[in-house]
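Trainee: Residue numbers (UniProt numbering): 1 to 253.
Don't be surprised by glycine CBs; every beta carbon is placed ideally from N, CA and C.
I am attaching a structure below and will ask some questions about it afterwards.
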Ligand SMILES: [Zn+2]
């Protein structure tokens with residue numbers, strides 16, 4: 001499961017306290033500066049009275065501390081409000097949304113862009129939030145869609161990149177958590193197989209078993225049943241492989 005760092009919760013003076021309305025929207029931002037996720041979380045933690053805040057900062061650093069929780073999800077952050085009330089979006093507001101800030105870089109030409117790892121982590125976090133709050137991809141917006149602000153710049157300047165990002169939210173891409181759950185379930189439900197008749201023995205092992213029976217290594221239970229397990233088949237194979245290996249003269253030193 002994705003690690004979410006909580007070392008630097010948002011300073012209470014930067015957010016609006018407990019939410020009353022349910023979460024209906026997820027809003028994506030870019031920080032519009034060069035700091036990483038840890039630095040952003042630390043800044044909002046240590047600097048009261050900024051008048052802005054977000055629930056998460058996502059970035060990419062060598063130490064893997066990529067996702068930082070800032071404002072708690074059950075509190076209202078100041079991430080997509082407009083003091084003049086002139087919204088582009090009819091329903092999405094701070095009060096009914098969660099805001100994710102993506103860390104970014106600027107190329108030589110001054111164009112903002114995201115590390116692919118930052119995008120991956122944001123997809124993972126967004127899907128987790130969507131699952132927990134029952135939000136579909138149609139309810140994931142850019143800050144731009146709410147107020148018209150050029151945010152997140154990489155996804156406002158490149159609408160196709162935004163569509164690609166959204167596709168990843170609704171597609172069949174599994175989160176690490178979902179994959180882990182599947183693997184755990186497979187391991188839990190795996191029963192060791194026992195083969196009682198030659199017909200049941202996997203094809204690859206039938207020759208081995210026949211040979212083991214002929215040489216008397218396997219005698220069954222005296223009632224014609226073999227009771228072979230997969231482990232035993234593998235052991236037989238190793239045993240015969242060793243026996244069949246041509247004897248090489250010992251090397252003299
Ligand atoms: Zn924004």
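Quick one: grab the DSSP three-state call for residue 228.
Mentor: strand
Trainee: Measuring only from the beta carbon, is residue 92 closer than 7 Å to any heavy atom that is part of ligand 1?
Mentor: no
Trainee: Excluding the five sequence neighbours on either side, which residues of its own chain have a C-beta within less than 7 Å of the C-beta of residue 168, listed in chain order?
Mentor: Contacts found: 123.
Trainee: What I want to know is whether the C-beta of residue 29 ends up closer than 7 Å to one or more non-hydrogen atoms of ligand 1.
Mentor: yes
Trainee: Hey, how far is the Cα of residue 190 from the Cα of residue 181?
Mentor: 14 Å
Trainee: Threshold first: 4 residues or longer. Then list the alpha helix (DSSP H) segments lying entirely within the UniProt domain "N-acetylmuramoyl-L-alanine amidase" (11-155), N to C.
Mentor: 37-46, 116-133 and 143-147
Trainee: Is the closest heavy atom of ligand 1 to the C-beta of residue 10 under 7 Å?
Mentor: Answer for residue 10: no, Cβ out of range of ligand 1.
Trainee: Going by CA-CA distance only, name the one from 51, 198 and 37 that's closest to residue 287.
Mentor: Only positions 1 to 253 of the chain appear in the structure, and residue 287 is not among them; the question remains open.
Trainee: Say yes only if the C-beta of residue 143 is nearer than 7 Å to one or more non-hydrogen atoms of ligand 1, and no if none qualify.
Mentor: yes
Trainee: Would you say residue 151 touches ligand 1, meaning its beta carbon is less than 7 Å from a heavy atom?
Mentor: yes
Trainee: Looking only at C-alpha atoms, which of 156, 98, 12 and 111 sits nearest to residue 140?
Mentor: Minimum Cα-Cα distance from residue 140 among the listed residues 156, 98, 12 and 111 corresponds to 98.
Trainee: Which residue wins for smallest C-alpha separation from residue 15, given the options 47, 34 and 29?
Mentor: 47
Trainee: Look at the Cβ atom of residue 216, then the Cβ atom of residue 227, and state whether they are nearer than 8 Å.
Mentor: no
Trainee: Whole angstroms is fine: what's the gap from residue 42's alpha carbon to residue 152's?
Mentor: 21 Å
Trainee: By the three-class DSSP mapping on this structure, what secondary structure does residue 201 have?
Mentor: coil
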